[in-house]
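*Asks:* Position in the sequence shown (first residue = 1) + 41 = our numbering. Each residue gets a CB set at the ideal place from its N, CA and C atoms; glycine is no exception. This is the structure I have questions about; it appears just below.
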Amino acid sequence: MYLKGRPNEKTSFIMTAAAATCILAGASAQAQSTAFDNQDAASDAVEDLEEQIRDDRDRDLERFGNSGRRIGSYGSVSARATATSDDDNDDVDLGVGLRFGNYDGVNGYDLSLSYNFGKSDDEETKNNLLAGFDYRRDLSSNLFAFGKADVAYDGLADEDGDYESDVFVGAGIGYRIFNDKDRQWSVQAGPGYRVADIVGEDEVSEAAVSVSSNYFQSLSKTSYVTNDTDIIASEESMLVNNELALSVSMTNSLALRTSLTTAFNDATDNGLGEARNTLGVSVVYNFQ
Numbered sequence: 042m043y044l045k046g047r048p049n050e051k052t053s054f055i056m057t058a059a060a061a062t063c064i065l066a067g068a069s070a071q072a073q074s075t076a077f078d079n080q081d082a083a084s085d086a087v088e089d090l091e092e093q094i095r096d097d098r099d100r101d102l103e104r105f106g107n108s109g110r111r112i113g114s115y116g117s118v119s120a121r122a123t124a125t126s127d128d129d130n131d132d133v134d135l136g137v138g139l140r141f142g143n144y145d146g147v148n149g150y151d152l153s154l155s156y157n158f159g160k161s162d163d164e165e166t167k168n169n170l171l172a173g174f175d176y177r178r179d180l181s182s183n184l185f186a187f188g189k190a191d192v193a194y195d196g197l198a199d200e201d202g203d204y205e206s207d208v209f210v211g212a213g214i215g216y217r218i219f220n221d222k223d224r225q226w227s228v229q230a231g232p233g234y235r236v237a238d239i240v241g242e243d244e245v246s247e248a249a250v251s252v253s254s255n256y257f258q259s260l261s262k263t264s265y266v267t268n269d270t271d272i273i274a275s276e277e278s279m280l281v282n283n284e285l286a287l288s289v290s291m292t293n294s295l296a297l298r299t300s301l302t303t304a305f306n307d308a309t310d311n312g313l314g315e316a317r318n319t320l321g322v323s324v325v326y327n328f329q
């Protein structure tokens, strides 16, 4: 859901560490000997950085209902591939991303997919797939129903405790507590089922529950704060992902975003002190 006149920022799903969304980065390391080896490298690097920042600032509010969403379809496909041959080493890096969605006035759905593959000297360096599907149906101006499926696959998982695959399917009810131009707070929750393959352990197959909260608060005409929380709990483990962010649009050309993302898994973390915290700061200035 994109609200007119309001900056947007993306909420990612906990199991995919980033639903809906897809960022492809596949630059292979190369030995450089002259300036000509680096031609266009700076330009490509800046374009990649700007794309990642734009994706980081996008926000798929439609997963919390269809309010304000445009009727019709949208979609994008992106791909990147690099191949490097240097002495006895051959490196290949491939990334593919897909986003597609539709809203007919009552029902809305979104599909996202990201696949990355890498090989260096006949040895795989990455082989992972992330996919998500979200469906929402408006029941009233503030109440909506949802269904979701999320898949994560890591073909290089080889250590005990690593997740080779993790699949969650669920459904539930969502409610928009606040929904005006200065403040939005939506929550959704419901039961689901989780199936996971873990290296060195029996397959996990059990009931689970998902809870999500999405909060937006405008501070001024040019700044806003968001806090997005996703929780998936089952007997095997509880996964929590929280992102707190401050975004400031200085001008039409200059934007600043600072975020703190906290990821917690009680299967591997003994306390919140062992959670993974990521601080992100991004600045973009466009010369007109």
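To which residues of the same chain is Leu301 closer than 6 Å at the C-beta, ignoring the five residues directly before and after it?
*Replies:* Within the sequence shown, numbered from 1, the residue matching residue 301 stands at position 260. Closer than 6 Å at the Cβ level, and outside the excluded window around Leu301, lie Leu285 and Leu320.
*Asks:* Quick one: what's got a C-beta closer than 6 Å to Asp203's C-beta in the same chain, skipping five residues either side?
*Replies:* Walking along the sequence shown from the start, residue 203 turns up at place 162. If we look at Asp203 and ignore the five residues flanking it on each side, its Cβ neighbours are Val240.
*Asks:* Tell me whether the region 140 to 148 and the region 162 to 172 touch, counting them as touching only if at least three CB pairs, one residue from each stretch, are closer than 8 Å.
*Replies:* no
*Asks:* Suppose you measure from the CA of Leu331 to the CA of Met291; what does that come to, to the nearest Å?
*Replies:* Outside the shown range of the chain, which is 42 to 329, sits residue 331, and nothing can be said about it.
*Asks:* Would you check if the region 249 to 258 and the region 221 to 236 touch, i.e. whether three or more CB-CB distances between them fall below 8 Å?
*Replies:* Yes, since at least three Cβ pairs between the region 221 to 236 and the region 249 to 258 fall closer than 8 Å, the two stretches touch.
*Asks:* Assign Ala237 to buried or exposed, taking buried as 16 or more other Cβ atoms, counted over all protein chains shown, within 10 Å of its Cβ.
*Replies:* As a first step, residue 237 must be located in the sequence shown, where it is residue number 196. Result: buried.
*Asks:* Rounded C-beta distance between Tyr119 and Asn143? I'm assuming under 8 Å.
*Replies:* To locate residue 119, count along the sequence shown from 1; it is residue 78. To locate residue 143, count along the sequence shown from 1; it is residue 102. Here residue 119 turns out to be Ser, not Tyr, going by the sequence shown. Contact between Ser119 and Asn143 is ruled out by a C-beta separation of about 19 Å, above the 8 Å threshold.
*Asks:* Quick check on DSSP: helix, strand or coil for Glu284?
*Replies:* Locating residue 284 in the sequence shown gives position 243, counting from the first residue. DSSP places Glu284 in strand when its eight states are reduced to three.
*Asks:* Quick one: what's got a C-beta closer than 6 Å to Leu184's C-beta in the same chain, skipping five residues either side?
*Replies:* To locate residue 184, count along the sequence shown from 1; it is residue 143. Counting only Cβ-Cβ distances below 6 Å, and skipping sequence neighbours, we find Tyr216.
*Asks:* Out of Asp134, Leu180, Ser182 and Asp175, which has the shortest C-alpha to C-alpha gap to Ala124?
*Replies:* The sequence position of residue 124 within the sequence shown is 83, counting from 1. Checking every option, the nearest Cα to that of Ala124 belongs to Asp134.
*Asks:* Kindly list the residues whose CB is nearer than 6 Å to the CB of Asp310, restricted to its own chain and excluding five residues on each side of it in sequence; keep chain order.
*Replies:* Your numbering for residue 310 matches position 269 in the sequence shown. For Asp310, same chain residues with a beta-carbon under 6 Å away, outside a window of 5 residues either side, are Ala316 in chain order.
*Asks:* Given this structure, state the Cα-to-Cα distance separating Leu139 from Leu287, to the nearest angstrom.
*Replies:* Locating residue 139 in the sequence shown gives position 98, where the first residue counts as 1. Locating residue 287 in the sequence shown gives position 246, where the first residue counts as 1. Computed Cα separation, rounded: 28 Å.
*Asks:* Gly196 to Tyr156, Cα distance in whole Å?
*Replies:* Reading the sequence shown from its first residue, position 155 is the one you call residue 196. Reading the sequence shown from its first residue, position 115 is the one you call residue 156. So the two alpha carbons sit approximately 11 Å from each other.
*Asks:* Along the beta strand (DSSP E) that carries Glu165, what are the first and last residues, could you check?
*Replies:* Taking the sequence shown and counting its residues from 1, the one referred to as residue 165 is at position 124. Taken as a continuous stretch (DSSP letters only), the beta strand (DSSP E) holding Glu165 covers Glu164 to Asp179.
*Asks:* Buried or exposed: where does Ser181 fall if 16 or more other Cβ atoms within 10 Å of its Cβ makes it buried?
*Replies:* On the sequence shown, position 140 is the one that residue 181 refers to. The residue in question, Ser181, is exposed, as its Cβ has fewer than 16 Cβ neighbours within 10 Å.
*Asks:* Sorted by chain position, which residues of the same chain lie with C-beta nearer than 6 Å to Tyr176's C-beta, five sequence neighbours on each side aside?
*Replies:* Residue numbering aside, residue 176 sits at position 135 when the sequence shown is read from its first letter. Hits under 6 Å: Tyr150 and Gly188.
*Asks:* What does the alpha-carbon distance come out to for the pair Ile214 and Gly231?
*Replies:* The sequence position of residue 214 within the sequence shown is 173, counting from 1. The sequence position of residue 231 within the sequence shown is 190, counting from 1. So the alpha carbons of these two residues sit roughly 6 Å apart.
*Asks:* Since I believe Ala274 is in contact with Val245 (beta carbons under 8 Å), could you give me their beta-carbon distance rounded to a whole number of angstroms?
*Replies:* In the sequence shown, the residue the question calls residue 245 occupies position 204. In the sequence shown, the residue the question calls residue 274 occupies position 233. No, Val245 and Ala274 are not in contact; Cβ-Cβ is about 13 Å, not under 8 Å.
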